[in-house]
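Same order as they appear, the protein sequences are chains A and B. In terms of my numbering, the first sequence is numbered consecutively and its last residue is 331. In terms of my numbering, the second sequence is numbered consecutively and its last residue is 331. We put the beta carbon where it would ideally sit given N, CA and C, even for glycine. Contents: one structure, followed by commentary.
2 protein chains.
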Amino acid sequence: MHTVIQTSARLLSLLSLLQMRREWTGSELAERLDVGARTIRRDVDKLRSLGYPVEAAPGVAGGYRLGAGGELPPLLLDDAEAVAVAVGLRTAATGSIAGIEETSVRALAKLEQVLPSRLRRRVRALGDATTSFVSEGPQIDPELLAGIAGACRDAIRVRFAYIAKDHSATQRHTEPAAVVHTGYRWYLVAFDLDRDDWRTFRIDRIRGRLRLGGRGRRQTVPGGDPAAFVKRQIRRSGESGAPAGQILIEAPPEALRRRVPERYATIEAVGDDESLVTTRGPWSPYFLVWMSLLDEPIHVVGPPELVAAARSAAARLNEAAVGADRAEQ
Amino acid sequence: MHTVIQTSARLLSLLSLLQMRREWTGSELAERLDVGARTIRRDVDKLRSLGYPVEAAPGVAGGYRLGAGGELPPLLLDDAEAVAVAVGLRTAATGSIAGIEETSVRALAKLEQVLPSRLRRRVRALGDATTSFVSEGPQIDPELLAGIAGACRDAIRVRFAYIAKDHSATQRHTEPAAVVHTGYRWYLVAFDLDRDDWRTFRIDRIRGRLRLGGRGRRQTVPGGDPAAFVKRQIRRSGESGAPAGQILIEAPPEALRRRVPERYATIEAVGDDESLVTTRGPWSPYFLVWMSLLDEPIHVVGPPELVAAARSAAARLNEAAVGADRAEQ
DNA sequence: GCAATTGCGGTCAGTGGCTGTCCGCATTGC
DNA sequence: GCAATGCGGACAGCCACTGACCGCAATTGC
């Protein structure tokens, strides 16, 4: 039969086997792949000449194994592993680790494009069960994010429903160009076909499903740098949303760096031994209670609502403790 | 030159291109791969016969694209994407999502085996910057976890330093068999060569680096099921550690399921409208935090330390609010 | 409806890579 | 030193791959 596709398929299988287990002897591989041992040696050579470092050891305890090379070989994942990767990327995209959100979304878009639907269902099920423990920031569906990122990559027009700042709902027809993550929010930079101009959209304000259209033409943001474009737009529109929360902590910034995720808040020194922690977005109850877990004394600076929230959280916790005492008696 | 390796390499490149962008025309691909358009068509056929569903559309807006098939094609990631995947798997492994920890570790072991060292460094750097925001449960280095999982998979002997329950340090020489995650802790089931018997090790009590040895012989846990083995061992040794925390919430369990990660706590109904939430491991301040973020009234049941923690958190919050008032004056 | 673009697949000839077999050699662990 | 293992040269047969050329079908845009 078609030898090359056999050969190619065999090379892929070989790579897969080498990724599954560390050590294989030539004869094991020959048996698994149903070819002669000589062919295995030749295949190993082929893999090497393709840049994948197959290490070999002679002797009775010898065998073949795949080493870490200069280039990443194609990853051959089984179903469960693929699901794990997708779920991992979803959480990474929604941001527990600073600095790789956008790359995670890109990788997720790539994976979702080829993910069999049965696996996609499993990913979705697991993702929904995730319990947004770190429910900081606006909640965004990673699938929506991946879909938008894919549309940007492929220059595919998208229609979606959008809730503007004044809560008015509109239908948008756009040619998406880039997805930008500011450390707090996700934005889509796209050419709005109805308004005939470039716009930025807050992705958490996109509602419903994306409707994909035909191929778009514009894919380069004015100025070339999508992140800069978003920054300008934000500054111009003075988008501030709810006020940030500020808390003063009786500890130098260095002592806090490790305990305050950069993603959520900034730290400034105040005097010698105090730090001002400011949330990047609007404050949330979580910020409050979490700050209360630090060892050092804290003082809420503002806004007044945060002070009120602190008082009510204190009351709730007190009640919880009192309830315990009552239960004991 | 070697046509088959050229052909195989071209198929891989083709797959890579199709994963990068959604639509390519045949002539674009032909130019990129430096072959004739006819060959591209044949290569597409080859990919199809390998099981990867390449969709094609005729017409002026047509082209080739990779669809979602029954089988996952080899993932061809660039450097940044590989790092994102590795970081995502690390966080998934250390457990923000219930149910895929062990698979994530397996996938991570697979990836780390072939990850070029420059990328491994970047992953480590990002991982270290993660800020253990969700620092529930014992902290475990995902790299250690991946290393152990790899040793299990490959049946490679490992030596490591181990801190026993009575804090005494010992050197262990083992043939690792399986890594088990209980929903709270990670365990290694291995054959202890010095003690000549099977043992379970808490991975958070392993110190320092793993030293890998030669090939082991035993890889099947007595009874066949590693998880069951670990469960038996835990029951026998009566390992309980610090006491679990319990909080009574004035809400039916159904209302809580979504807001309380199964991984950290169990929920039982008490009466008609109340639920008892019990941490799986010892309670931590974080448990207190998110319980206090629920809307319904809560009551700490025990242990007394948790009551005390609630009281002191309440006091701190009160002080924080008072401090704010003072600052305003 | 027409034209342009694009994918599809048949055919042909030439070339050269792939496979299995057989061989001797080097290395490692027991 | 023996057994197991990887390495690679040589040889013969075979047939898959490539590029070129062709006409056909489907889709989009005007």
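Measure the alpha-carbon distance for Arg207 (chain A) versus Arg187 (chain A) and round it to whole angstroms. 11 angstroms
Residues near Leu16 (chain A) by beta carbon distance below 6 angstroms, same chain, minus five either side: Asp45
Of all the CB atoms in chain B, is at least one closer than 8 angstroms to the CB of Ile7 (chain A)? yes
Tell me, please, which residues DSSP counts as bridged to Asp194 (chain A). A:Thr176, A:Asp199
Can you tell me whether DSSP reads Val136 (chain B) as helix, strand or coil? Note that Val136 (chain B) scores 47 on pLDDT, short of 50, meaning its location in the model is unreliable; the coordinates nonetheless yield the value given after this. DSSP places Val136 (chain B) in coil when its eight states are reduced to three.
Could you give the distance in angstroms between the alpha-carbon of Pro76 (chain A) and the alpha-carbon of Arg209 (chain B)? 33 angstroms
Limits of the alpha helix (DSSP H) - the one that Ile42 (chain A) falls within: 39-51
Does Tyr337 (chain A) have its Cβ less than 8 angstroms from a Cβ in chain B? Residue 337 (chain A) lies beyond the stretch modelled for chain A, which goes from 3 to 331, so this question has no answer here.
Leaving out five residues before and five after Ala95 (chain A) in sequence, what residues of the same chain have Cβ atoms less than 8 angstroms from its Cβ? Glu103, Ser106, Val107, Leu110, Pro144, Leu147, Ala148
Members of the region 43-63 of chain A that neighbour chain B once the beta carbon cut-off is set at 7 angstroms: Lys48, Ser51, Leu52, Ala63
CA-CA distance, Ile7 (chain B) and Thr280 (chain B)? 59 angstroms
So which residues on chain B does Glu25 (chain A) lean against when the C-beta distance must stay under 8 angstroms? Asp156, Arg217
Own chain, CB closer than 7 angstroms to Gly273 (chain A), minus 5 neighbours either side, in chain order: none
When you compare the CB of Gly149 (chain B) with every CB in chain A, is at least one pair closer than 8 angstroms? no
Going straight from the alpha carbon of Val1 (chain B) to that of Glu276 (chain B), what length do you get? Chain B is shown from 3 up to 331; residue 1 (chain B) falls before or after that span and cannot be answered.
Which bits of chain B does Val37 (chain A) rub up against, with CB to CB less than 9 angstroms? Within 9 angstroms Cβ-Cβ: nothing; Val37 (chain A) doesn't reach chain B, min ~13 angstroms.
For the alpha helix (DSSP H) that contains Thr268 (chain B), what are its first and last residues? Not the alpha helix (DSSP H): Thr268 (chain B) falls in the beta strand (DSSP E), residues 267-272.
DSSP three-state label for Leu35 (chain B), please. helix
Can you pull the DSSP bridge partners for His333 (chain A)? There is no way to answer for residue 333 (chain A), as the model of chain A reaches only from 3 to 331.
State buried or exposed for Phe135 (chain A), treating a residue as buried only when at least 16 other CB atoms are found within 10 Å of its CB. Residue placement at Phe135 (chain A) cannot be trusted, given a pLDDT of 44 that sits under 50; what the coordinates show is reported in the next sentence. Counting Cβ neighbours within 10 Å, Phe135 (chain A) comes out buried, since at least 16 surround it.
Please report the distance separating the alpha-carbon of Lys233 (chain A) from that of Leu212 (chain B). 47 angstroms
Reference Val62 (chain A), options B:Ala267, B:Gly216, B:Gly65, closest by Cα: B:Gly216
Interface partners of Ala180 (chain B) on chain A, CB under 9 angstroms: Here the premise fails: no neighbours, minimum Cβ distance about 15 angstroms.
8 angstroms Cβ cutoff, Ala322 (chain A) in contact with chain B: yes
For a minimum of 3 consecutive residues, which ranges assigned as the beta strand (DSSP E) are wholly contained in the region 44-113 of chain B? 56-59, 65-68
Pull up the distance between the alpha-carbon of Glu73 (chain A) and that of Glu252 (chain B), whole angstroms please. 56 angstroms
Can Val89 (chain B) and Gly53 (chain B) be called in contact, C-beta distance under 8 angstroms? no
Any C-beta of chain B under 8 angstroms from that of Arg108 (chain A): yes
CB-CB length for Ala70 (chain A) against Val116 (chain B), believed under 8 angstroms: 6 angstroms
Rounding to the nearest angstrom, what Cα-Cα distance links Tyr1 (chain B) and Lys112 (chain B) in this structure? Absent from the model: residue 1 (chain B). The displayed extent of chain B is 3 to 331, so no value can be given.
To the nearest angstrom, how far is the alpha carbon of His183 (chain A) from that of Ala229 (chain A)? 8 angstroms
Starting from Leu146 (chain B), trace the alpha helix (DSSP H) in both directions and tell me its first and last residue. 144-156
Who pairs with Phe162 (chain B) in a beta bridge, going by DSSP? B:Arg174
Does Pro299 (chain B) have its Cβ less than 8 angstroms from a Cβ in chain A? yes
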